[in-house]
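First to last, the sequence lines map onto chains F and G.
Counting from 1, one number per residue, gives the positions in the first sequence under the UniProt record's numbering.
Counting from 1, one number per residue, gives the positions in the second sequence under the UniProt record's numbering.
Let me begin by presenting the structure, written as structure tokens, before commenting on it.
Number of protein chains: 2
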Amino acid sequence: MELADTLASIGESATLGRIFPRLPAAAAQLLGPGDDAAVIAAPDGRFVVTTDMMIHGPDFRLAWSTGHDLGWKAAATNLADVAAMGAVPTALVVAIAAPAHTEVAFLEAIADGLREGCAAMAPGCGVVGGDLSVSATLTIAVTAFGDLEGRAPVTRAGARPGDVVAVSGPLGASATALALLFAEGVHEGEPHRETTDRLRAREGAALAAQLAPTPPIADGPRAALAGATAMIDLSDGLALDARRVAAASGVAIDLDTASAGSREALVGGEDHSLLATFPAGTRLPGGFRAIGVVREGSGVLVGGHLFDALGGWDPYLAWDGQRG
Amino acid sequence: MELADTLASIGESATLGRIFPRLPAAAAQLLGPGDDAAVIAAPDGRFVVTTDMMIHGPDFRLAWSTGHDLGWKAAATNLADVAAMGAVPTALVVAIAAPAHTEVAFLEAIADGLREGCAAMAPGCGVVGGDLSVSATLTIAVTAFGDLEGRAPVTRAGARPGDVVAVSGPLGASATALALLFAEGVHEGEPHRETTDRLRAREGAALAAQLAPTPPIADGPRAALAGATAMIDLSDGLALDARRVAAASGVAIDLDTASAGSREALVGGEDHSLLATFPAGTRLPGGFRAIGVVREGSGVLVGGHLFDALGGWDPYLAWDGQRG
Chain F
1 MELADTLASI GESATLGRIF PRLPAAAAQL LGPGDDAAVI AAPDGRFVVT TDMMIHGPDF
61 RLAWSTGHDL GWKAAATNLA DVAAMGAVPT ALVVAIAAPA HTEVAFLEAI ADGLREGCAA
121 MAPGCGVVGG DLSVSATLTI AVTAFGDLEG RAPVTRAGAR PGDVVAVSGP LGASATALAL
181 LFAEGVHEGE PHRETTDRLR AREGAALAAQ LAPTPPIADG PRAALAGATA MIDLSDGLAL
241 DARRVAAASG VAIDLDTASA GSREALVGGE DHSLLATFPA GTRLPGGFRA IGVVREGSGV
301 LVGGHLFDAL GGWDPYLAWD GQRG
Chain G
1 MELADTLASI GESATLGRIF PRLPAAAAQL LGPGDDAAVI AAPDGRFVVT TDMMIHGPDF
61 RLAWSTGHDL GWKAAATNLA DVAAMGAVPT ALVVAIAAPA HTEVAFLEAI ADGLREGCAA
121 MAPGCGVVGG DLSVSATLTI AVTAFGDLEG RAPVTRAGAR PGDVVAVSGP LGASATALAL
181 LFAEGVHEGE PHRETTDRLR AREGAALAAQ LAPTPPIADG PRAALAGATA MIDLSDGLAL
241 DARRVAAASG VAIDLDTASA GSREALVGGE DHSLLATFPA GTRLPGGFRA IGVVREGSGV
301 LVGGHLFDAL GGWDPYLAWD GQRG
């Protein structure tokens, strides 16, 4: 039996040589990997930047996520933060720390997920640099950049009473998929790969909402062009993230019971859908649909009633740091 | 006895509230922390970007490094990569993943190290965003940005036969300090805090070369202005990094025996000094001193003789992933 190449067996330099050709190119790249730093175009004299780490245990389980899933999701979550400013994503840098025994094929799959995720969600955006290290804990840190194309950034602070509240992308689909994984992707109470593989064959599309989500990145700049007054990426659930917009803008956000009133929609995290507010009468762009209105006041209402339960228990936190 | 606040005991949000006020502000920041992403000025329509992760175990030991050391070094290593392009550092984003039991005071010390390191090495550069996560392994991922001020980036590829080879910053001081830590900062063969504290009281300045280095960041832009043809940050030792410049430029680099011929200088890593080449006759800027010449050929020579031993054993790699 031939042993699979690992990070330890072929070394950092050879591993990078296997990963680099799989990474997506960035149209904005002026000078790419291979020097001390890269140089990226910022045509309007500014750039948008966000960073997010994914940690084995709190953020994902290797029994559930493939390398491809992890690369795709690392792209998706960061691209959504760029899009939520109304910017077009231009480039990523990716730092990966992995145990020495990690198979190179797994790291190649992460690169494939980054490439295919960028191609699907933000064509032209690519990886312009990175870092590969050894760690006891698999960690993927992505920093993403975007171009505002001369527009003002769309912050969380601009919502005004009378604005329409709209969302693009699913509400609660990621939490529903996570519940399915905890119910059926386990064996004797633990996340389990073979069980998950069978579940994936049956429910792949549903699971993708959690494992490899596809937030509507292009709708970020579309919302900005349509005059969005505030925008946020739904990382922590509609109720909590809408409350952030309400607090930053000094308003209340009143959500429709019918379109946003389910428990999964309100408190389910990690959809990375875009929540935006638009002046009344705006023709909503892309996949945006109205789910409420902005009112004077504070906090989040559902059907006119104050909604206080903002988030659920995060089942990832129960992980003890040593298991799969 | 009052228990110290930890990441787990006060939570992510309160911890961020303690860290944020200690972080350095960036003059280039147009929109800072608190939204989905930050917006940074890029006055000449481009920005330089580099990313580097520090991992507990392979990159540092908690028995040797204080939180302040780690913040300072995380800034220093990334600022040096920006400076090596000839750019002025403008901003950092910092993602930290730490065990749940990590004391908030330790994370505050990291922030203090970032702030004081930026103030000392790159005034005006600040932290514009970040991410805080829980992980079994303490991990600090920094992405740094720089402004080329309209100049072309100084890459590794421009050295020409006849150029002077020069360095700014120490050669081998970091490796010497690491050897001292392995010799005297241990107890029964293991890195040990109390032993190290006594060593630090006696040899603090020497140890700082490894634990909290101060590379000559301002000399990066100075070198570019003086016409540097190639530049690199000395991460992996003079011999290996000079070989990278030689390979990228298609030349040989011949180092003086007297100024660069010691084993520590040649193979000791992590000085983060700047190695640059300048046209013959250039008045060397800042702290640069001549240590050799560029010749036709390939590889690294010392006193005219090919030097093949490029790097030493990395003692950090002997760490087993579980110890201090």
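We put the CB at the ideal spot given by N, CA and C, even for glycine.
Burial state of residue i, where buried means 16 or more other Cβ atoms lie within 10 Å
i        : result
F/Asp254 : buried
G/Leu3   : exposed
F/Arg200 : buried
G/Thr257 : exposed
F/Arg202 : exposed
F/Asp320 : Low per-residue confidence applies at F/Asp320: pLDDT is 48, beneath 50, and the placement is therefore not dependable, though the value from the model is reported in the following sentence. Under this definition F/Asp320 is an exposed residue.
F/Asp308 : exposed
G/Asp233 : buried
G/Leu107 : buried
G/Gly268 : buried
G/Asp81  : buried
F/Glu190 : exposed
G/Leu306 : exposed
G/Glu270 : buried
G/Asp197 : exposed
G/Gly57  : buried
G/Gly34  : exposed
Distance between beta carbons of residue j and residue i, contact taken as under 8 angstroms
i        : j        : result
F/Thr102 : F/Asn78  : Actually they do not touch by this definition, with Cβ atoms about 22 angstroms apart.
F/His187 : F/Thr195 : 5 angstroms
F/Leu180 : F/Leu207 : 7 angstroms
G/Val88  : G/Pro153 : Incorrect: roughly 12 angstroms between the Cβ atoms, too far for contact.
F/Ala246 : F/Val300 : 6 angstroms
F/Val302 : G/Arg46  : With 8 angstroms as the limit, F/Val302 and G/Arg46 do not qualify as a contact, their Cβ atoms being about 46 angstroms apart.
G/Thr137 : F/Ala242 : Not a contact, Cβ separation roughly 34 angstroms.
7 angstroms CB neighbourhood of residue i in its chain, flanking five on each side removed
i        : result
G/Val104 : Asp5, Thr6, Leu7, Ile10, Thr15, Arg18
F/Gly117 : Gly71, Trp72, Ala75, Ala76
G/Ile291 : Val165, Ala166, Val167, Leu255, Asp256, Ser259, Ala260
F/Ala280 : Gly162, Asp163, Val164
F/Thr66  : Ala109
G/Gly304 : Asp254
F/Ile55  : Thr137, Thr139
F/Leu171 : Leu238, Ala260, Ala265, Asp271, Ser273
Closest by C-alpha distance to residue i, when choosing among the options
i                      : options                                : result
G/Ser13                : G/Ala159, G/Asp112, G/Leu132           : G/Leu132
G/Ala26                : G/Leu114, G/Ala159, G/Gly287           : G/Leu114
G/Leu92                : G/Pro43, G/Gly126, G/Ala224            : G/Gly126
F/Arg283               : F/Ala248, F/Ile110, F/Ala218, F/Val165 : F/Val165
residue 338 of chain G : G/Arg198, G/Val128, G/Gly204           : The displayed coordinates of chain G run from 1 to 324. Any statement about residue 338 of chain G would go beyond what the structure contains.
F/Ser235               : F/Gly297, F/Arg244, F/Ala228           : F/Arg244
residue 330 of chain F : F/Ala28, F/Ala41, F/Thr277             : Shown here, chain F extends from 1 to 324; a query on residue 330 of chain F therefore has no answer.
G/Ala122               : G/Ile140, G/Ala144, G/Thr139           : G/Ala144
F/Thr155               : G/Leu275, G/Met54, G/Asp36, G/Ser65    : G/Asp36
G/Ala205               : G/Ala173, G/Met85, G/Ala83, G/Thr139   : G/Ala173
F/His68                : F/Ser262, F/Val302, F/Ile140           : F/Ile140
G/Leu226               : G/Asp81, G/Gly86, G/Phe60              : Correcting the residue identity first, residue 226 of chain G is Ala in this sequence and not Leu. When each option's Cα is compared against that of G/Ala226, the closest is G/Gly86.
F/Asp52                : F/Val294, F/Ala239, F/His272, F/Arg295 : F/His272
G/Leu148               : F/Arg289, F/Leu275, F/Ala42            : F/Ala42
G/Thr229               : G/Val294, G/Asp59, G/Ile55, G/Leu30    : G/Val294
F/Leu240               : F/Leu275, F/Pro213, F/Ala224           : F/Leu275
G/Leu30                : G/Thr90, G/Leu171, G/Phe20, G/Phe182   : G/Thr90
Residues bridged to residue i [DSSP beta-bridge criterion]
i        : result
G/Glu116 : Per DSSP, none; premise fails for G/Glu116.
F/Val94  : F/Gly130, F/Val142
F/Val39  : F/Leu31, G/Val48
G/Gly158 : BP columns for G/Gly158 are empty, so no partner.
F/Asp233 : F/Leu274
Close Cβ partners of residue i (< 6 angstroms) along its chain, the five nearest in sequence each way excluded
i        : result
F/Gly150 : Asp44
F/Val94  : Val127, Gly130, Val142
G/Glu184 : Leu199
G/Arg222 : Pro285, Gly286
F/Ala134 : In the sequence as presented, Ala is not what sits at residue 134 of chain F; that position holds Val. So the list reads Ala100, once near-sequence residues are dropped.
F/His192 : Ala63, Val186
F/Gly124 : Ala27
G/Leu178 : Gln210
G/Gly237 : Val267, Gly268, Gly269, Gly311
G/Ala159 : Thr229, Ala230, Val245, Ser249, Val251, Thr277, Val294
G/Ala83  : Ile217, Gly220
Contacting residues, own chain, Cβ-Cβ under 8 angstroms from residue i (five flanking each side not counted)
i        : result
F/Gly287 : Ser168, Gly169, Pro216, Asp219
F/Ser298 : Ala246, Ala247, Gly250, Val251, Ala252
F/Ala119 : Pro24
F/Asp112 : Arg22, Gly67, His68, Gly71
Residue i CB to nearest heavy atom of the ligand NAD below 7 angstroms
i        : result
G/Asp271 : Among the components modelled here there is no ligand, and therefore nothing to report on the ligand NAD.
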